[in-house]
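Just below is one structure, and these are the notes that go with it.
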Amino acid sequence: MDSSIGEAYKKRLVMARIVFENFANWEGYEPYPASRELLAAFLAWLESTGRLSELTVCLAAIAREHKLRDLEDPTK
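For the sequence shown, numbering that gives the first Met the number 0 begins at 0 and goes up steadily by one.
This is how it looks when you write it as structure tokens:
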């Protein structure tokens, strides 16, 4: 990962990526590339489970993983 970001933030990104991937799998989606439908369902799930405060880091993790895989960023 990028050395310009702190270790604690790197850990948050990894955890957010895992949460997203698990959600996608539970719901029967392929996480990569993420569809707009998956992204909308994931964001709604974050809100419904009281985890909306994790929105920014989750979107950053999703965007970062797509960039690493040379895929279009669905968060844009």
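Ideal Cβ positions, reconstructed from N, Cα and C, are used throughout, including at glycine.
Proximity winner among the options, relative to residue i (alpha-carbon distances)
i                : options                    : result
isoleucine 61    : Ser47, Glu29, Glu26, Leu12 : Leu12
isoleucine 4     : Asp69, Leu38, Arg63, Glu36 : Arg63
alanine 33       : Leu58, Glu6, Ala7          : Leu58
phenylalanine 19 : Gly49, Tyr8, Arg68, Val56  : Val56
leucine 51       : Lys10, Glu6, Tyr8, Ala15   : Ala15
threonine 74     : Ala7, Arg35, Pro30         : Arg35
Cβ neighbours of residue i in the same chain (closer than 7 Å, five flanking residues each side left out)
i            : result
leucine 37   : Ala23, Tyr28
glutamate 26 : Ala40
Residue-level contact to chain B via CB, residue i, 7 Å cutoff
i            : result
threonine 74 : The displayed structure is made up of one protein chain only, and chain B is not part of it.
beta-carbon residue i near the ligand SAH non-hydrogen atom, thresh 6 Å
i           : result
arginine 63 : Ligands are entirely absent from the displayed structure, and the ligand SAH is therefore not among its contents.
Residues near residue i in its chain [Cβ-Cβ closer than 6 Å; skip 5 each side]
i            : result
histidine 65 : Asp72
Review point. If you scan the segment 31-59 from start to end, which runs of the alpha helix (DSSP H) of 4 or more residues do you find wholly inside it?
Key: Correct list: 35-47.
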